[in-house]
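Trainee: Residue numbers (the UniProt record's numbering), protein chains in the order written: chain A, 1 to 340; chain B, 1 to 340.
Think of the CB as a built atom: it goes at the ideal place given N, C-alpha and C, for glycine as much as any other residue.
In this text, all values refer to a predicted model and were calculated from it rather than measured experimentally.
Dumping the structure here so I can ask a few things about it.
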DNA sequence: TTGTACGCGTTATCAG
DNA sequence: CTGATAACGCGTACAA
């Protein structure tokens with residue numbers, strides 16, 4: 001056996017015209033049952049596989065969706081991918097996957113690669129460095145359907161799926177206050193990120209409602225590097241005026257905090273309480289177990305894919321409206337925020 | 001702007017023949033520098049993007065590699081993916097990614113989807129349910145280059161990348177013995193998996209060398225379901241004749257053990273020591289911190305991609321020889337295997 | 001140095 | 001119901 005047979009060869013074998021065979025395989029109504037059967041059985045016998053590129057060329061679609069995420073080693077994004085894949089496969093779509101590693105330059109390269117319609121549509125969450133979005137606008141202008149999730153681009157008029165960032169951060173902060181925290185810090189990646197803004201707002205409003213002033217040094221901007229983040233957080237924890245509570249806007253910063261705490265004489269939750277946005281399944285196994293705000297990652301992925309496929313299947317009736325769809329997160333209280 | 005311009009249209013704009021434009025863009029030696037410049041600048045001006053499907057159809061290659069992994073929410077596989085992606089992107093290759101969720105039926109479907117040469121090659125790690133490999137043999141017979149990593153198929157004559165499973169398991173077991181364990185259990189997924197077999201051999205040989213008998217009930221076969229695994233392990237830990245040491249052949253079973261221990265009165269490492277194959281970055285943050293055998297995941301991914309691309313680029317000189325390439329793991333001792 | 005013609009494997013249109 | 005033909009966009013042999 002070697003490299004597969006073409007429609008034409010299959011037709012020759014059957015002594016039929018290629019067009020007839022094509023129609024038979026596509027179950028066209030204008031082909032008799034008898035020939036359909038003959039064609040199908042021969043196709044199976046010879047293990048005929050249609051060439052996807054010829055088809056894509058002809059139909060101007062690839063049955064492929066591109067997914068761009070900031071990082072792969074991240075439970076949230078991995079779960080979202082699982083959700084997208086589940087729905088995509090149900091509808092015969094394939095997934096091209098790209099990770100930007102939180103690097104805008106990488107993101108731009110990837111996006112530029114996708115301009116040629118290699119994928120029928122794009123699902124993405126922008127990198128933490130992304131503030132100028134002209135590369136994404138370009139995509140949009142090329143008529144490539146695009147959906148954002150989690151870290152969205154409000155400038156681009158399409159559908160976005162997020163969790164209730166504001167409320168969750170608000171509730172998380174309120175929880176810290178109820179547990180007795182007086183000085184609460186907020187850990188963020190880039191301040192330009194949509195999720196940062198919303199979660200920060202929730203944090204500030206919760207403080208305000210409790211009559212607390214947000215300490216400027218308590219808004220900590222972190223970066224991609226775990227080492228640097230641990231350094232930054234350690235400094236904050238060792239400072240004269242250190243926080244006694246932390247709301248971490250992403251999982252990795254909570255883990256960095258755990259590492260930092262090990263470098264101090266502090267202990268969680270006695271000296272410092274912490275809650276974080278995170279989808280880590282082993283949050284409950286950490287020392288101490290970590291209170292989390294768990295995002296509906298799988299659902300977000302599924303919904304993204306469902307909407308996109310609806311749009312791809314029936315483009316007329318389904319525009320990607322400029323709207324934000326919110327799916328709520330779930331607070332799970334564990335030891336890291338226990339009152340003494 | 002709408003949907004991109006074709007080579008023909010670009011040629012018309014330039015008042016040149018399509019073939020000339022094609023050659024200019026591909027930097028052919030038979031085109032004058034002057035026209036090359038004109039063509040390139042116009043191509044940029046009109047944002048010309050070659051149609052990848054026309055190209056794939058013509059050249060019979062897609063510049064795409066398919067990657068099949070058993071699960072996405074797994075630090076090892078995520079890191080391997082990162083390694084593959086890094087090298088693939090350097091060479092202009094795209095990645096189609098599929099997860100089997102440890103399900104052979106899913107694996108078969110995916111593999112069948114790839115028969116049509118949608119991808120130029122495949123990198124994969126088989127599901128834990130995979131014992132019959134006829135679906136993979138079929139791929140191989142189709143002349144689709146395929147490379148295995150970690151969970152390999154010895155029946156298929158191609159290159160495989162693994163870690164030193166036998167030695168690592170041997171060393172891990174020996175470490176447990178040195179720390180005072182007398183009754184060591186081995187946790188595995190399916191016993192048919194290549195990694196299970198090798199790691200089990202290492203475990204058995206270490207026991208033997210220490211003059212210990214392998215207790216039959218201490219070889220625990222687990223499954224995909226975390227709940228069931230926790231149940232199984234809990235039973236083992238509560239049994240009359242319980243182990244005092246555990247070598248876990250995969251990360252998830254170690255985490256399941258941590259959950260199980262919480263359901264008993266035992267404590268790690270006093271009553272039970274445990275070491276596991278794992279690439280979890282937060283192993284050091286668990287309670288207690290978890291001793292691990294860390295696989296060179298990134299390197300494995302990079303090497304797979306390098307070899308595959310060499311093969312795809314210069315097929316004549318690079319056959320995928322039937323060999324196993326071993327890249328060693330690293331033992332990291334933490335609290336979970338401390339002697340009392 | 002540039003242009004013409006063809007084929008890659010499909011599917012849709014038009015004829016019969 | 002089936003067959004012939006054209007077209008999708010590109011690259012290459014062959015011609016000029």
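Can you list the alpha helix (DSSP H) stretches of 4 or more residues lying completely in the UniProt domain "HTH lacI-type" (5-59) of chain A, in chain order?
Mentor: Counting whole runs of 4 or more residues, the UniProt domain "HTH lacI-type" (5-59) of chain A contains the alpha helix (DSSP H) stretches 7-14, 18-25, 33-45, 52-59.
Trainee: Need the endpoints of the alpha helix (DSSP H) that residue 346(B) sits in, please.
Mentor: Outside the shown range of chain B, which is 1 to 340, sits residue 346(B), and nothing can be said about it.
Trainee: List, in chain order, every chain A residue whose beta-carbon is nearer than 8 Å to that of residue 4(B).
Mentor: Residues of chain A passing the Cβ test: 115, 116, 117, 142.
Trainee: What do you reckon, are the CB atoms on residue 84(A) and residue 111(A) nearer than 8 Å?
Mentor: In this structure, residue 111(A) does not lie closer than 8 Å to residue 84(A) by Cβ.
Trainee: Between residue 348(A) and chain B, is any beta-carbon pair separated by less than 8 Å?
Mentor: There is no way to answer for residue 348(A), as the model of chain A reaches only from 1 to 340.
Trainee: Specify, as a first and last residue, the run of the beta strand (DSSP E) that residue 80(A) falls within.
Mentor: Per DSSP, residue 80(A) belongs to no beta strand (DSSP E); it is in the alpha helix (DSSP H), 75-90.
Trainee: Just to make sure I have the definition right: I need the residues of chain B whose C-beta is within less than 8 Å of the C-beta of residue 73(A). Which are they?
Mentor: Neighbours of residue 73(A) on chain B, chain order: 75, 78, 79, 82, 281.
Trainee: First and last residue of the beta strand (DSSP E) that includes residue 276(A)?
Mentor: Unbroken beta strand (DSSP E) run through residue 276(A): 273-277.
Trainee: Run through chain B and tell me which residues come within less than 7 Å of residue 49(A), C-beta to C-beta.
Mentor: What residue 49(A) touches in chain B: 115, 116.
Trainee: Among residues of its own chain, excluding the 5 on either side of residue 88(B), which ones have a beta-carbon nearer than 8 Å to its beta-carbon?
Mentor: Same-chain partners within the cutoff: 65, 94, 95, 305, 309.
Trainee: Who does residue 301(B) pair with in a DSSP beta bridge?
Mentor: Answer is none; residue 301(B) lacks a bridge partner.
Trainee: What residues in the stretch 288-301 of chain A have a beta carbon less than 8 Å from any beta carbon of chain B?
Mentor: Within the stretch 288-301 of chain A, the residues whose Cβ lies closer than 8 Å to some Cβ of chain B are 288, 289, listed in chain order.
Trainee: Rounding to the nearest angstrom, what Cα-Cα distance links residue 176(A) and residue 264(A) in this structure?
Mentor: Using only the alpha carbons, I get a separation of about 21 Å.
Trainee: Who are the neighbours of residue 97(B) on chain A, taking C-beta pairs under 7 Å?
Mentor: Going along chain A in sequence order, the residues near residue 97(B) (Cβ under 7 Å) are 95, 97.
Trainee: Taking C-alpha atoms, which residue in 132(B), 140(B), 129(B) lies nearest to residue 115(B)?
Mentor: Nearest of 132(B), 140(B), 129(B) to residue 115(B), Cα basis: 140(B).
Trainee: How would you label residue 163(B), buried or exposed, when you count the other beta carbons within 10 angstroms and need 16 or more for buried?
Mentor: Buried is the call here.
Trainee: For residue 127(A) versus residue 158(A), is the C-beta spacing smaller than 8 Å?
Mentor: No, Cβ-Cβ distance for residue 127(A) and residue 158(A) is not below 8 Å.
Trainee: Output yes if chain B places a C-beta closer than 8 Å to the C-beta of residue 258(A); else output no.
Mentor: It does; some Cβ of chain B falls within 8 Å.
Trainee: Which first and last residues belong to the beta strand (DSSP E) in which residue 332(B) is found?
Mentor: Unbroken beta strand (DSSP E) run through residue 332(B): 330-332.
Trainee: Cβ closer than 9 Å: which chain A residues qualify as neighbours of residue 57(B)?
Mentor: Going along chain A in sequence order, the residues near residue 57(B) (Cβ under 9 Å) are 51, 53, 54, 56, 57.
Trainee: Work out the CA separation of residue 213(B) and residue 102(A) for me, nearest whole Å.
Mentor: Whole-angstrom Cα-Cα distance: 51 Å.
Trainee: Verify the CB distance criterion: does residue 85(B) have a CB-CB separation below 8 Å to chain A?
Mentor: Cβ-Cβ to chain A under 8 Å: yes for residue 85(B).
Trainee: Is the CB of residue 267(B) under 8 Å away from at least one CB in chain A?
Mentor: Not closer than 8 Å to any Cβ of chain A, the Cβ of residue 267(B) fails to qualify, so no.
Trainee: Give the DSSP bridge partners of residue 188(B), in chain order.
Mentor: DSSP, once it has assigned bridges, lists 221(B) as partnering residue 188(B).
Trainee: Among the candidates 255(A), 331(A), 297(A), whose CA atom is the shortest distance from the CA of residue 69(A)?
Mentor: Checking every option, the nearest Cα to that of residue 69(A) belongs to 297(A).
Trainee: Measure the CB-CB distance between residue 236(B) and residue 243(B) and report whether it falls below 8 Å.
Mentor: Against a cut-off of 8 Å, the Cβ pair of residue 243(B) and residue 236(B) comes out as a contact.
Trainee: What residues from the stretch 211-231 of chain A come within 7 Å of chain B, judged by C-beta to C-beta, listed N to C?
Mentor: Per Cβ criterion, the list is empty.
Trainee: Tell whether a beta-carbon distance below 8 Å holds between residue 249(A) and residue 195(A).
Mentor: For residue 249(A) and residue 195(A), yes; Cβs fall inside 8 Å.
Trainee: Please state whether DSSP places residue 317(A) in a helix, a strand or coil.
Mentor: Residue 317(A): coil per DSSP, three-state reduction.
Trainee: Contact between the stretch 214-223 of chain A and the stretch 175-192 of chain A is defined here as three or more beta-carbon pairs at a separation below 8 Å; is this criterion met?
Mentor: At 8 Å Cβ cutoff, the stretches touch.
Trainee: Would you call residue 120(B) buried or exposed, if buried means 16 or more other Cβ atoms sit within 10 Å of its Cβ?
Mentor: When all chains shown are included, residue 120(B) counts as buried.
Trainee: Our contact map puts residue 42(A) next to residue 301(A) with C-beta atoms below 8 Å; I'd like the distance itself, whole angstroms only.
Mentor: With 8 Å as the limit, residue 42(A) and residue 301(A) do not qualify as a contact, their Cβ atoms being about 40 Å apart.
Trainee: What is the C-beta distance between residue 278(A) and residue 294(A), in whole angstroms, given that I count them as a contact (C-beta under 8 Å)?
Mentor: Right, the Cβ-Cβ distance comes to about 7 Å (below 8 Å), so this counts as a contact.
Trainee: Using a Cβ-Cβ cut-off of 8 Å, state whether residue 286(A) counts as contacting chain B.
Mentor: Yes, because at least one Cβ of chain B sits closer than 8 Å to the Cβ of residue 286(A).
Trainee: Using a Cβ distance threshold of 8 Å, determine whether the stretch 275-289 of chain A contacts the stretch 318-338 of chain A, with at least three qualifying pairs required.
Mentor: At 8 Å Cβ cutoff, the stretches touch.
Trainee: Under 8 Å between C-beta atoms, does residue 248(B) make it to chain A?
Mentor: No, residue 248(B) does not count as interfacial toward chain A.
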